[in-house]
Amino acid sequence: MITDAMPTAAAPSRVGLNQAFTDAMTMTWRNIRAGWRVPDNQIYMFIQPIMFVLLFAYVFGGAINVPGVDYVDFLMAGIFVQTMAFACAPASVGLADDMQKGLIDRFRSLPMARSAVIAGRVIADLVNQLIVLVIMIVCGFIVGWTFHNGFGQFLAAVGLLMLFAFAMLWVGAYIGLSVGSPQVAASAGLIWLFPVVFMSNVFVDPSTMPSVVQAIAEWNPVSAIASGARELFGNQSLVDSDAWPMQNPVLASLLWCLLIIAVFAPLAVRKYKKASSK
1 MITDAMPTAA APSRVGLNQA FTDAMTMTWR NIRAGWRVPD NQIYMFIQPI MFVLLFAYVF
61 GGAINVPGVD YVDFLMAGIF VQTMAFACAP ASVGLADDMQ KGLIDRFRSL PMARSAVIAG
121 RVIADLVNQL IVLVIMIVCG FIVGWTFHNG FGQFLAAVGL LMLFAFAMLW VGAYIGLSVG
181 SPQVAASAGL IWLFPVVFMS NVFVDPSTMP SVVQAIAEWN PVSAIASGAR ELFGNQSLVD
241 SDAWPMQNPV LASLLWCLLI IAVFAPLAVR KYKKASSK
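Letter by letter, the sequence shown follows residues 1 to 278 in the UniProt record's numbering.
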């Protein structure tokens, strides 16, 4: 006796924007709930930026001299930018973990937007980064930092930092889908960030660096974001440079963020389409 096989559900090749948005919000809520079910991870994620603020303000701050600049004023925007850049790592690890457990294959078989899994992870991590940024701002007030350009410019600076975090999360998503395990993702998501962050104006004046390194620092997107945030916060910054990003840091920051998103968001979604558990 021959019977017809039961049809299997397949993800639609195209979905409307409304469904894509709904699917992304569903995955966002799933990732937020999953994260808070392991409170130890959240606690350590929130403690780390506090340690960075206290260490650089009270331990290294006395040793690092930026002539003519209040170092705490100079430091805090750099610490904010560094932390937003490091958002890349948890996104990498989270997606690599989903791949290793076979969740990516299960999600791909569901009738949902293909971008929803990646977007849900990115948005959930962005919410966590916003909480981290708020904690760091409070710590900044405690160590003597403040903003000077009014509340509107303060919100604009926060928006710029969150846009940078959003861009870096797409980089993390691409890395997480490209490696074989969470352990590899943890290294791959961070190892390249250290030279990018430290070869910038986040902590020191690039004019103290060798000429080649100084040129790299002046065109480093991290330097542009840090300078743009300082300008919007009304903090003291370093403008002794003819490099276009240092003369126009806010515009340069927006362009860098949009470029990173335009490159890595499509790459991450394309990588997800081809992804399979190992």
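C-beta atoms are modelled at their ideal positions from N, C-alpha and C, and glycine is treated no differently.
### Query
Mind checking GLY176: buried by the 16 CB within 10 Å criterion, or exposed?
So GLY176 counts as buried.
### Query
Among residues of its own chain, excluding the 5 on either side of ALA77, which ones have a beta-carbon nearer than 7 Å to its beta-carbon?
ALA226, ALA229, ARG230, PHE233 and ASN235
### TYR58, enclosing alpha helix (DSSP H) - first and last residue
Note, TYR58: premise wrong, no alpha helix (DSSP H); not H, not E.
### Query
Given that a residue counts as buried once 16 or more other Cβ atoms are within 10 Å of its Cβ, and exposed if not, what is PRO111?
With fewer than 16 other Cβ atoms within 10 Å, it is exposed.
### Query
With distances taken from CA atoms, which of GLY120, ASP73 and CYS139 is nearest ASN31?
GLY120
### Message
Could you tell me the alpha carbon to alpha carbon distance between ALA157 and ILE104, rounded to whole angstroms?
### Response
Going by the C-alpha atoms only, they are around 35 Å apart.
### Message
Taking 7 Å as the limit between beta carbons, can you name the residues of its chain near VAL72, skipping five residues before and five after?
### Response
Only ALA57, GLY61, VAL143, GLY144 and TRP145 meet the Cβ criterion.
### Query
Does the pairing of the region 238–248 with the region 199–208 give three or more beta-carbon distances under 8 Å?
yes
### Message
Could you compute how far the alpha carbon of THR208 sits from the alpha carbon of VAL66?
### Response
Cα to Cα, THR208 sits roughly 10 Å from VAL66.
### Query
How would you write the range of the alpha helix (DSSP H) that ALA178 sits in, first residue to last?
Correcting the residue type first, residue 178 is Ser in the shown sequence and not Ala. Segment 150–178, the alpha helix (DSSP H) holding SER178.
### Task
Taking VAL171 as the reference, give the member of ALA215, ILE137 and VAL122 with the closest Cα.
Distance from the Cα of VAL171 is smallest, within the candidate group ALA215, ILE137 and VAL122, for VAL122.
### Query
How far does the alpha helix (DSSP H) with GLY94 in it reach, from first residue to last?
88–101
### Task
Drop a sphere of 10 angstroms on the beta-carbon of VAL222, count the other beta-carbons inside from all chains shown, and report buried for 16 or more, exposed for fewer.
Residue burial annotation: VAL222 is buried, with at least 16 other C-beta atoms found within 10 angstroms of its C-beta.
### Query
If you follow the alpha helix (DSSP H) that SER211 is part of, which residue opens it and which one closes it?
211–219
### Message
Cutting at 6 Å between CB atoms, please list the residues of its own chain near VAL93, excluding the five before and the five after it.
### Response
Taking C-beta separations shorter than 6 Å and ignoring five residues to either side along the sequence, the partners of VAL93 in its chain run PRO182, ALA185 and ALA186, following chain order.
### Query
Comparing alpha-carbon positions, which option in VAL127, ALA116 and MET136 lies nearest VAL53?
Comparing alpha-carbon positions, the option among VAL127, ALA116 and MET136 lying closest to VAL53 turns out to be MET136.
### Task
Provide the residue span of the alpha helix (DSSP H) that contains TRP244, from first to last.
244–247
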